[in-house]
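Residue numbering for the sequence shown follows this note's numbering, beginning at 1097 and increasing consecutively.
No residue lacks a Cβ here, since even glycine has one placed at the ideal position from N, Cα and C.
Right, one structure below, let's go through it.
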Amino acid sequence: MNQEDLFYKLIYYAAPTLAKEKPASLVNLKDDIEPLHTLWHQYKDCLTVNYIELIVSSSRTLVLLYNEDMLEEVLKCDLNQHFLKHFGYKQFDCMNALSLLKSRFEEACPHEVGIFLGYPLHDVKCFANCTKRKCLAVGYWKVFYELDVALETFNRYDEKKAWMLSKIDSGLLPSEVLGVALEYKEAI
């Protein structure tokens, strides 16, 4: 495996974020079947996308890839801020919020990560509260409300992934697609 293999995996798992359709994506990079954790640490500085390593161990790195402008908008939302305050968030700029999110990962995967990932607040709340409400669908997140809206969003995300992967199928290297992905929004 090499740099292009790592970039392919990042595209596969984070295409909606890389295509600026989603504020952030979590990618779990482990050294098991493939040495993705090792490759990440060799090539992460080549990336032009924003990221924060939430968990780093000897064989695993959990990375949050994010679009700073989109994430700032999510964090500016009054309803999201009110929810995040329950978990100790006091500053809602990207860097401070991400720093606290990272520290919360030291204990366990914090439920509020769904807000950073762009999931609807009502679905994040239901998931966090282990609600008895019936889950309507599982896709990029567990859907408890507004199934039609969620399915449309899932379809948009899938379209972005298909678009990016089609570029690789047409002969571009994953590293080239990562550069193209930044221009995708303007091309539509």
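Could you check if residue i is buried or exposed, using at least 16 other CB atoms within 10 Å of its CB as the buried criterion?
{"i": "Lys1098", "result": "Sequence inspection shows Asn at residue 1098; the Lys mentioned does not correspond to that position. With fewer than 16 other Cβ atoms within 10 Å, it is exposed."}
{"i": "His1178", "result": "exposed"}
{"i": "Ala1251", "result": "Looking at the sequence itself, residue 1251 is Asn, so the reference to Ala does not match. Exposed, by the Cβ-count rule."}
{"i": "Gly1184", "result": "exposed"}
{"i": "Glu1279", "result": "Because Glu1279 carries a pLDDT of 47, less than 50, the predicted location of this residue cannot be relied on, and no value is offered for it."}
{"i": "Asn1225", "result": "exposed"}
Going by the DSSP bridge assignment, what does residue i pair with across the sheet?
{"i": "Asp1189", "result": "Answer is none; Asp1189 lacks a bridge partner."}
{"i": "Asp1131", "result": "Asp is not the amino acid found at residue 1131; the sequence shown has Pro there. In the DSSP output, where bridge partners are listed per residue, Pro1131 has Asp1127."}
Pop quiz: residue i and residue j are said to be a contact at Cβ under 8 Å. What is the actual Cβ separation, rounded to whole angstroms?
{"i": "Asp1219", "j": "Tyr1241", "result": "6 Å"}
Mapping DSSP to helix, strand and coil, what is residue i?
{"i": "Glu1168", "result": "helix"}
{"i": "Thr1113", "result": "helix"}
{"i": "Val1245", "result": "helix"}
{"i": "Val1209", "result": "helix"}
{"i": "Arg1229", "result": "coil"}
{"i": "Val1273", "result": "helix"}
{"i": "Tyr1236", "result": "coil"}
Going by CA-CA distance only, name the one from the options that's closest to residue i.
{"i": "Asp1249", "options": "Ser1154, Pro1216, Glu1203, Pro1131", "result": "Note that residue 1249 corresponds to Thr in the displayed sequence, not to Asp. Nearest of Ser1154, Pro1216, Glu1203, Pro1131 to Thr1249, Cα basis: Pro1216."}
{"i": "Ala1111", "options": "Leu1160, Ile1151, Leu1194, Leu1175", "result": "Leu1160"}
{"i": "Lys1126", "options": "Leu1150, Leu1180, Ser1154, Glu1203", "result": "Ser1154"}
{"i": "Phe1212", "options": "Tyr1104, Lys1257, Trp1237", "result": "Trp1237"}
{"i": "Lys1257", "options": "Asn1124, Leu1197, Tyr1109", "result": "Tyr1109"}
{"i": "Lys1105", "options": "Tyr1139, Glu1117, Lys1118", "result": "Tyr1139"}
{"i": "Glu1164", "options": "Val1145, Lys1181, Ile1151", "result": "Val1145"}
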